[in-house]
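Novice: Starting off with a structure, shown below.
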Amino acid sequence: SCPASARTRSVPRRARRRLTDAVRGLVALLPPTATRLRAGAEVEVPLSSLLPGDRVRVRPGQRIATDGVVREGNAAVDESTLTGESIPVERAPGDAVQGGTLVSGGTLLYEVTRRGADSAIARIVDAVAEAQGTRAPISRLADRVSAVFVPTVLVLAALTFAVWMLLPHGADGLAVAVRHFVAVLVIACPCALGLATPAAVAVGTSRAASLGFLVKGGDALERASTIDRVLFDKTGTLTEARA
């Protein structure tokens, strides 16, 4: 393997760790427990025990545990983490609500419709993780270049070894030849060429996810580099990040 691989291998590993942190931030939006209403009594239960059809009470300052449909109550719900809409939206009976969103005013009783992997926030988490593994078009070019570059470097290194073995160096001939052989491999090592593009995609998608900007994949990230202006229609919402 390439001598520089030990140094460059840690780059995508760190990028994957940052992506994991970003995904964990999305999952952390879901509360660990929920207030389930059954037989007229409210019981605090783990999120994993909720089933479709269960009715859950959520009060001001609490996050909605799962996707569902409002059955009773009216409240303002902050959905900025999922939609980017900075102003809380009013939810009333019959309206859909998503897990991870924050009730900022009023109390809701909603019926669970989706949970676990079927929920909106779970699908977002899956999309973020999948985007990290997608290949950008430029990576295919890097692969084609590497397919030619790697054999060329190996041939040059072998020729260097052969030439220095043929030159008179006495008892140190083999050591000198090996030293120059290794020098060619180290200097012309193509590992960075193969790792730079996937590492850039991993870092870019994870950084974007941590800022609430979801990238569909490496190809979308590459096309985004050419954007010089963004158009918003009359219903578009411009938001400003805040702690």
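For the sequence shown, position 138 (counting from the first letter as 1) is numbered 124 according to the working numbering, and the numbering increases by one without interruption.
All residues carry an ideal CB built from backbone N, CA and C; glycine is no exception.
If you're wondering where the values come from, they're calculated on a predicted model, not measured in any experiment.
#1: Tell me which residue opens and which closes the alpha helix (DSSP H) that residue 206 is part of.
#2: By Cβ distance below 6 Å, which residues in the same chain neighbour residue 40 in space, the five residues on each side in sequence not counted?
#3: Can you tell which of 45, 18, 63, 140 has its C-alpha closest to the C-alpha of residue 76?
#4: What are the start and end residues of the alpha helix (DSSP H) that includes residue 42?
#5: Using the beta-carbon count (16 or more within 10 Å), is residue 154 buried or exposed?
#6: Once DSSP output is grouped into helix, strand and coil, what is the label at residue 57?
#7: Which partner residues of residue 23 appear in the DSSP bridge assignment?
#8: Taking the alpha helix (DSSP H) that residue 267 belongs to, which residues open and close that run?
#9: Give me, in chain order, the residues of the same chain whose beta-carbon lies closer than 8 Å to that of residue 93; leave out the 5 immediate sequence neighbours on both sides.
#10: Taking buried to mean at least 16 other C-beta atoms within 10 Å of its own C-beta, is residue 37 buried or exposed?
#11: Given residue 234, which residues of its chain have a CB within under 7 Å of its CB, disregarding the five upstream and five downstream residues?
#12: Got a sec? Which residues, its chain only, sit under 7 Å from residue 207 by beta carbon, not counting five neighbours each side?
#13: State the DSSP-derived secondary structure class of residue 47, mapped to helix, strand or coil.
#14: Is residue 49 near residue 95, with beta carbons less than 7 Å apart?
Specialist: Working from what's here:
#1: For the purposes of this step, residue 206 is identified with residue 220 of the sequence shown, where counting begins at 1. Its alpha helix (DSSP H) spans residues 204 to 210.
#2: Within the sequence shown, residue 40 is the residue found at index 54, counting from 1. Leaving aside the five residues that flank residue 40 on each side, the residues in its chain whose CB is nearer than 6 Å to its CB run, in chain order, 22, 98.
#3: By 1-based counting over the sequence shown, the position of residue 76 is 90. Nearest of 45, 18, 63, 140 to residue 76, Cα basis: 63.
#4: In the sequence shown, the residue the question calls residue 42 occupies position 56. No alpha helix (DSSP H) contains residue 42, which is instead part of the beta strand (DSSP E) from 41 to 44.
#5: Position 168 of the sequence shown holds residue 154. Answer is exposed; the Cβ neighbour count stays below 16.
#6: Along the sequence shown, one-based indexing puts residue 57 at 71. DSSP places residue 57 in strand when its eight states are reduced to three.
#7: Counting from one through the sequence shown, the residue named residue 23 turns up at place 37. Answer is 28, 41, bridged to residue 23.
#8: This structure does not reach residue 267, given that the chain is present from -13 up to 229, and the question cannot be answered.
#9: Position 107 of the sequence shown, counted from the start, is the residue given in the question as residue 93. 43, 44, 45, 46, 59, 61, listed in sequence order.
#10: Locating residue 37 in the sequence shown gives position 51, counting from the first residue. By the neighbour-count rule (16 or more Cβ atoms within 10 Å), residue 37 is not buried but exposed.
#11: A query on residue 234 cannot be resolved here, the shown segment of the chain reaching from -13 to 229 and no further.
#12: Start at 1 with the first residue of the sequence shown, and residue 207 comes out as number 221. Cβ neighbours of residue 207 beyond the five flanking positions: 122, 187, 190, 191, 201.
#13: If you number the sequence shown from 1, residue 47 lands on position 61. Here residue 47 sits in coil by DSSP.
#14: Locating residue 49 in the sequence shown gives position 63, where the first residue counts as 1. Locating residue 95 in the sequence shown gives position 109, where the first residue counts as 1. No, they are not a contact pair.
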